[in-house]
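> If you read the sequence shown in this note's numbering, its first letter stands for residue 44, the second for the next number, and so on. Just so it is clear, CB atoms sit at the ideal spot from N, CA and C, and this is done for glycine as well. Mind looking over this structure? Questions follow.
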Amino acid sequence: IMRRMRALTTADFFETRFNVPTAVLYSFYGIAISITFIAGGLFGTGKMVDALTGNELDRMAIQANIMVPAAEWDATQKTFKITERRLQGYEYAILAVTVMFVIYGMAGGLGAAIITDFIQGILTIVFSFLLLPFVFYEIGGFGKLHPQADLKQGMLDLIASPEVAATLGSEPITPFYVFMLSVTALAGIVIQPHIMGVCGAGKTEFEGRFGFTVGNFLKRFCTVAWTFTGLACIIWYMGDSSPLKTSPDPADQAIYQSLVMRASPEFHQLPAEEKEKIEKTDRNFADQLFGMAAHDILPRIAPGLIGLLLASLLAAVMSTSDAQMIISSGLFTENIYKKSLVKNRSQRHYLWVGRIAGLVIVILALILQTTFTDIIAALKVIVKTPACIGISLWFGIVWRRWNVISVWVSTVTGILAWIVVAFYPDWLHQSGMLPEFMFKTDVKPVKMWDVWQMFSFMSLAIVSGIIASFLTPRQSQEKLDHFYNLMHTPVKLNEVIESPCTLPENPEPVGKKLFPNSKDIEIPRPTFEDLWGFILSWCAVGAIIWLTKYLAAVA
Numbered sequence: 044i045m046r047r048m049r050a051l052t053t054a055d056f057f058e059t060r061f062n063v064p065t066a067v068l069y070s071f072y073g074i075a076i077s078i079t080f081i082a083g084g085l086f087g088t089g090k091m092v093d094a095l096t097g098n099e100l101d102r103m104a105i106q107a108n109i110m111v112p113a114a115e116w117d118a119t120q121k122t123f124k125i126t127e128r129r130l131q132g133y134e135y136a137i138l139a140v141t142v143m144f145v146i147y148g149m150a151g152g153l154g155a156a157i158i159t160d161f162i163q164g165i166l167t168i169v170f171s172f173l174l175l176p177f178v179f180y181e182i183g184g185f186g187k188l189h190p191q192a193d194l195k196q197g198m199l200d201l202i203a204s205p206e207v208a209a210t211l212g213s214e215p216i217t218p219f220y221v222f223m224l225s226v227t228a229l230a231g232i233v234i235q236p237h238i239m240g241v242c243g244a245g246k247t248e249f250e251g252r253f254g255f256t257v258g259n260f261l262k263r264f265c266t267v268a269w270t271f272t273g274l275a276c277i278i279w280y281m282g283d284s285s286p287l288k289t290s291p292d293p294a295d296q297a298i299y300q301s302l303v304m305r306a307s308p309e310f311h312q313l314p315a316e317e318k319e320k321i322e323k324t325d326r327n328f329a330d331q332l333f334g335m336a337a338h339d340i341l342p343r344i345a346p347g348l349i350g351l352l353l354a355s356l357l358a359a360v361m362s363t364s365d366a367q368m369i370i371s372s373g374l375f376t377e378n379i380y381k382k383s384l385v386k387n388r389s390q391r392h393y394l395w396v397g398r399i400a401g402l403v404i405v406i407l408a409l410i411l412q413t414t415f416t417d418i419i420a421a422l423k424v425i426v427k428t429p430a431c432i433g434i435s436l437w438f439g440i441v442w443r444r445w446n447v448i449s450v451w452v453s454t455v456t457g458i459l460a461w462i463v464v465a466f467y468p469d470w471l472h473q474s475g476m477l478p479e480f481m482f483k484t485d486v487k488p489v490k491m492w493d494v495w496q497m498f499s500f501m502s503l504a505i506v507s508g509i510i511a512s513f514l515t516p517r518q519s520q521e522k523l524d525h526f527y528n529l530m531h532t533p534v535k536l537n538e539v540i541e542s543p544c545t546l547p548e549n550p551e552p553v554g555k556k557l558f559p560n561s562k563d564i565e566i567p568r569p570t571f572e573d574l575w576g577f578i579l580s581w582c583a584v585g586a587i588i589w590l591t592k593y594l595a596a597v598a
């Protein structure tokens, strides 16, 4: 689909399928997506770098004692409070990484990002598996997880049951939660600013889809290794032979006591203030777990491995962050500044505008990352952010009636609904409009469970867009015919197009529709290759789930 669009950016899709204002809307939204991605990457990297140094950065931060402003959302008063806090150790790592990728990103552009992306990809795969055997050695070998699984209730369950979730004070990972997370992620992944280039870079349609699909499955396979590395680390650090327990450092011993108390039923009997302190320690430990294990284990394997892991980590986050910076600054320069604000200036002028825009985008990302409480919170924001406008891409591809008004109504409704369910759930709870089970009521103020947040804003965005489609005029027939002719025309090898979203000379014959008698539904009829690829992909999904469940049963 992406390859057949023959587009350079996703903004080209919105301009071709809808109009220029929707392309501008997407450009602003795409910039927001990139800011979120950069912020999440920097936050996670800072935590891991701090752990790799043995928390030396934390000690340095205490000595430096640099105070910075902080904005905190007061959930009770519904306002932001401006306070002051000390710059944290991991934030020094974030600032150092930011300076590096901004400098080489502005100097080298996308070419520099491609080279570092290639290198970090290989290193990431290597380090995904490098630590695994050595961590299992520390706990007595593979097969030693089950005998010690009582250290943390439900740690080997494939999904978090309501009973375990209630004990941990977290949200149950039910099949419905997995479904909503999948729908939200599916709506959002196609709209991410870099995805059009990733999927559209293949010489043919097969290369584009094969590279994207296999690459994602490779990451999921690496995730299995990360999962069992994490489980083994929990056993190691919370068990009787924990390096935290035997450490001469009182701070390490305090962390061990907090982890044990958090997993104990006695935790729920503690005063609220003490519970919050232990929760914070537990979250910080989880964020730093991989880096902490690497710091404790890698020097025993060979000298220099911590440095190599640090280099691969920095390469990973810097290549991703500078690519997002370049793509988002390009969206601003080409689709907002050049088309709507300042036209007909020199390339040098636009180059400097792009560089300044990139710097501003990174600064906004630095501010955003200060609002994250832990890596899980950052991941939730990353998954949810693109979804509201991603709905319009999917409907725009398969349904002729989805028009300009639908894009605006759906996107704005989704954003407003997300704000309400995320920041004002107590108002919804007090109104009695929604069922009690949608809320977490054992905290003050009341919160809405994440699964119902996703269900609420996704449902409202889709329904409002569909209603708007039926109540407002269609797009022009000529514009729709051009776009869907483009989407149904296969890509030829080495075809040349003069501008985005146009067909080459002597194109391939137009493909058939799945529903040829429908004048509005534009789903292409699957080919033999499509069906086999779809079936094999789901077989791969099943294989990864089975592998994870099998390893959890025998570990």
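For the beta strand (DSSP E) containing V111, name the first residue and the last one.
First-last of the beta strand (DSSP E) with V111: 110-117.
> Which residues bound the alpha helix (DSSP H) around F255?
Per DSSP, F255 belongs to the alpha helix (DSSP H) from 248-281.
> Among the candidates M223, E127, V241, whose CA atom is the shortest distance from the CA of T363?
V241
> Pick out the complete alpha helix (DSSP H) segments inside the region 484-530, 4 residues or longer, and give them in chain order.
493-514, 520-530
> Quick check: what's the CA-CA separation for P236 versus A358?
Between the alpha carbons of P236 and A358 lies a distance of about 20 Å.
> Mapping the DSSP letters down to three states, classify P552 as helix, strand or coil.
coil
> For F172 and I44, what's the separation of their Cα atoms in angstroms?
Distance between the alpha carbons of F172 and I44: 34 Å.
> With F480 as the anchor, note down where its beta strand (DSSP E) starts and where it stops.
Element bounds for F480: n/a, residue is neither H nor E.
> Is the beta carbon of S30 less than 7 Å from the beta carbon of A504?
Residue 30 is absent from the model: the chain starts at 44 and stops at 598.
> Could you pull the start and end residues of the beta strand (DSSP E) that T126 belongs to?
Per DSSP, T126 is one residue of the beta strand (DSSP E) stretching across 122-129.
> Taking the alpha helix (DSSP H) that M335 falls in, what are its first and last residues?
315-344
> Closest by CA to S355, which one among P552, G83, G164, F123?
G164
> Where V602 and G439 are concerned, what is the direct C-alpha to C-alpha distance, given to the nearest angstrom?
A question about residue 602 goes unanswered here, because the residues of the chain that appear run from 44 up to 598.
> To the nearest angstrom, how far is it from the Cα of L477 to the Cα of I162?
50 Å
> Check the DSSP bridge columns for I564 and list the partner residues they point to.
W442
> Would you kindly work out how many angstroms separate the C-alpha atoms of P559 and I509, rounded to a whole number?
Approximately 22 Å, taken between the alpha carbons.
> Where P533 and A82 are concerned, what is the direct C-alpha to C-alpha distance, given to the nearest angstrom?
Between P533 and A82, the C-alpha separation is close to 38 Å.
> Which whole-angstrom value is the C-beta distance of V111 and L130, which I expect to be below 8 Å?
5 Å
> Closest by CA to V424, which one among M48, K562, W461?
Ranking M48, K562, W461 by Cα distance to V424 puts W461 first.
> Could you have a look at Y467 and say whether DSSP puts it in helix, strand or coil?
coil
> Do the region 265-281 and the region 331-341 touch if we need at least three Cβ pairs shorter than 8 Å?
yes
> Pick from K535, L546, D292: whose alpha carbon is nearest that of H38?
The question about residue 38 has no answer here: the residues shown for the chain are numbered 44 through 598.
> Taking just the CA atoms, how far does W445 sit from G457?
The C-alpha of W445 is placed about 16 Å away from the C-alpha of G457.
> Closest by CA to L351, which one among L529, T167, L51?
T167
> Counting along the chain, where does the alpha helix (DSSP H) carrying Q412 start and finish?
390-412
> One question on the structure: do T591 and V226 come within less than 7 Å of each other, judged by their Cβ atoms?
no
> Run the CB neighbour count on F219, radius 10 Å, all protein chains shown included, and call it buried at 16 or more, exposed below.
Residue environment: F219 is assigned as exposed (fewer than 16 neighbouring CB atoms within 10 Å of its CB, all protein chains considered).
> Could you pull the start and end residues of the alpha helix (DSSP H) that Y220 belongs to?
218-232
> Measure the beta-carbon distance from L523 to A337 and round it to whole angstroms, keeping in mind my assumption that it falls under 8 Å.
So it is not a contact: roughly 54 Å between Cβ atoms.
> So D93 is in the alpha helix (DSSP H); what residue range does that whole segment cover?
63-95
> For the candidate residues W495, N528, I182, whose alpha-carbon lies nearest to that of S284?
I182
> Report buried or exposed for W495, applying the criterion of at least 16 other Cβ atoms within 10 angstroms of its Cβ.
buried
> Near N528, what residues of its chain come up, given a Cβ to Cβ distance below 8 Å and the 5 sequence neighbours on each side ignored?
Within the same chain, N528 has close Cβ partners L546, V553.
> Return helix, strand or coil for N98, following the three-state DSSP convention.
coil
> Looking at the structure shown, is G576 part of a helix, part of a strand, or coil, going by DSSP?
Helix at G576.
> Just to confirm the assignment, what range does the alpha helix (DSSP H) spanning R47 have?
45-48
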